[in-house]
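**Student:** Residues in the sequence shown are numbered from 458 upward in steps of one, following my numbering.
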Amino acid sequence: QPWDANMILDDGGDLTEIIHKKYPAMLDKIHGVTEETTTGVHRLLDMLAKGELKIPAINVNDSVTKSKNDNKYGCRHSLNDAIKRGTDHLLSGKQALVIGYGDVGKGSAQSLRQEGMIVKVTEVDPICAMQACMDGFELVSPFIDGENDGTEASIDKALLGKIDLIVTTTGNVNVCDSNMLKALKKRAVVCNIGHFDNEIDTAFMRKNWAWEEVKPQVHKIHRTGAGAFDAQNDDYLILLAEGRLVNLGNATGHPSRIMDGS
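#1: State the CB to CB distance for the pair residue 569 and residue 623, rounded to an integer number of angstroms; the pair is presumed to be in contact (CB under 8 Å).
#2: Name the residue from 473, 495, 465, 489 whose alpha carbon lies nearest to the alpha carbon of residue 626.
#3: Can you tell me where the alpha helix (DSSP H) with residue 498 in it begins and where it stops?
#4: Look at the alpha carbon of residue 631 and the alpha carbon of residue 599, and state the distance between them as a whole number of angstroms.
#5: Run through the DSSP bridge pairs and tell me what residue 672 is partnered with.
#6: Between which residues of its own chain and residue 525 is the CB-CB distance below 8 Å, once the five residues before and five after are set aside?
#7: Distance check for residue 592 and residue 510, CA to CA, integer angstroms please.
#8: Identify every run of the beta strand (DSSP E) within the region 598-669, keeping only runs that are complete inside it and at least 3 residues long; order them along the chain.
#9: Would you list the residues sitting across from residue 681 in a DSSP beta bridge?
#10: Where are the alpha helix (DSSP H) runs, 4 residues long or more, that stay fully inside the region 525-588, in chain order?
#11: Determine the DSSP secondary structure at residue 510, reduced to helix, strand or coil.
#12: Can you give me the Cβ contacts of residue 590 inside the same chain, cut-off strictly under 8 Å, excluding the 5 residues immediately before and after it?
#13: Could you check if residue 469 is buried or exposed, using at least 16 other CB atoms within 10 Å of its CB as the buried criterion?
#14: Exposed or buried, what is residue 489 when buried is set at 16 or more other beta-carbons lying within 10 Å of its beta-carbon?
#15: Are residue 618 and residue 640 close, meaning C-beta to C-beta below 8 Å?
Quick look at the structure:
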């Protein structure tokens with residue numbers, strides 16, 4: 458049952474959307490919403506553009522103490538921790554691809570570099586791409602000549618066939634799509650630290666490939682078809698946290714010192 462709330466404190470825009478769609482009567486007493494994530498801010502802007510946002514909204518995410526603290530340094534702390542807890546892999550000397558070089562991507566790339574990984578970055582924004590280059594990361598594209606025509610033919614299979622770990626950091630949809638997943642190296646680790654589980658095309662993986670739970674929040678995704686799988690099969694991906702936030706699914710998120718500022 459709805460209650461007499463007077464403020465929404467949101468993370469990702471979910472609560473704001475639910476109240477607008479299912480409990481609109483509550484909006485009469487709600488003074489506004491504070492949103493602390495990049496993804497949530499994008500959803501609020503979309504609602505505003507469509508005339509659907511009925512209450513004032515404060516963008517907490519773009520506060521310097523949040524985006525330049527939590528997004529960057531929190532992810533720098535928690536990403537490598539989550540991957541090591543989930544896989545117990547030695548990361549040093551392996552090749553990683555970070556998709557996106559915003560604040561989360563910057564912290565993530567640094568986190569993997571701290572482990573001694575060979576880190577490559579893919580980024581569509583020219584300023585962020587320049588920053589990645591100036592920070593010493595190799596700029597690459599998973600697509601031949603940087604053009605994605607939606608087919609397997611456009612995938613740079615030579616690049617993805619050498620990647621040991623891929624991390625999505627964008628808050629966007631299908632930035633690691635089915636064609637990329639097909640081209641990845643056998644036994645590559647796939648994870649997301651952006652926001653929802655649709656950055657990686659997990660819907661395709663659930664429909665077409667067999668899932669084997671190794672332990673909670675760690676799955677082998679057998680690329681040999683749906684249904685049954687051969688336990689001796691080595692053509693699989695290791696998916697962490699089912700494509701959701703890896704630092705929450707496989708570790709304990711950001712330290713309290715980081716969250717104090719956000």
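All C-beta atoms in this analysis are idealised placements derived from N, C-alpha and C, irrespective of residue type, glycine included.
**Tutor:** In brief:
#1: Sequence index remark: in the sequence shown, residue 569 carries index 112 (1-based). Sequence index remark: in the sequence shown, residue 623 carries index 166 (1-based). No, residue 569 and residue 623 are not in contact; Cβ-Cβ is about 11 Å, not under 8 Å.
#2: Counting from one through the sequence shown, the residue named residue 626 turns up at place 169. Per the Cα distances, 495.
#3: Position 41 of the sequence shown holds residue 498. It spans 495-506 - the alpha helix (DSSP H) in which residue 498 sits, taken as one unbroken run.
#4: The sequence position of residue 631 within the sequence shown is 174, counting from 1. The sequence position of residue 599 within the sequence shown is 142, counting from 1. Rounded to whole angstroms, residue 631 to residue 599 spans 13 Å at the Cα level.
#5: Locating residue 672 in the sequence shown gives position 215, where the first residue counts as 1. DSSP lists 675 as partners of residue 672.
#6: Along the sequence shown, one-based indexing puts residue 525 at 68. These residues qualify, in order along the chain: 560.
#7: By one-based count along the sequence shown, residue 510 stands at place 53. By one-based count along the sequence shown, residue 592 stands at place 135. Whole-angstrom Cα-Cα distance: 39 Å.
#8: 622-625, 646-649
#9: One-based indexing of the sequence shown puts residue 681 at position 224. The partner list for residue 681 (beta bridge, DSSP) is empty, contrary to what the question assumes.
#10: 532-544, 560-571
#11: Here residue 510 refers to the residue found at position 53 of the sequence shown. Reduced to three states, the DSSP call for residue 510 is coil.
#12: Stepping through the sequence shown from its first residue, residue 590 is reached at position 133. Cβ neighbours of residue 590 beyond the five flanking positions: 596.
#13: Locating residue 469 in the sequence shown gives position 12, where the first residue counts as 1. Counting Cβ neighbours within 10 Å, residue 469 comes out buried, since at least 16 surround it.
#14: Counted from its first residue, the sequence shown places residue 489 at position 32. Exposed is the call here.
#15: Looking up residue 618 in the sequence shown gives position 161. Looking up residue 640 in the sequence shown gives position 183. Result yes, Cβ atoms of residue 618 and residue 640 sit closer than 8 Å.
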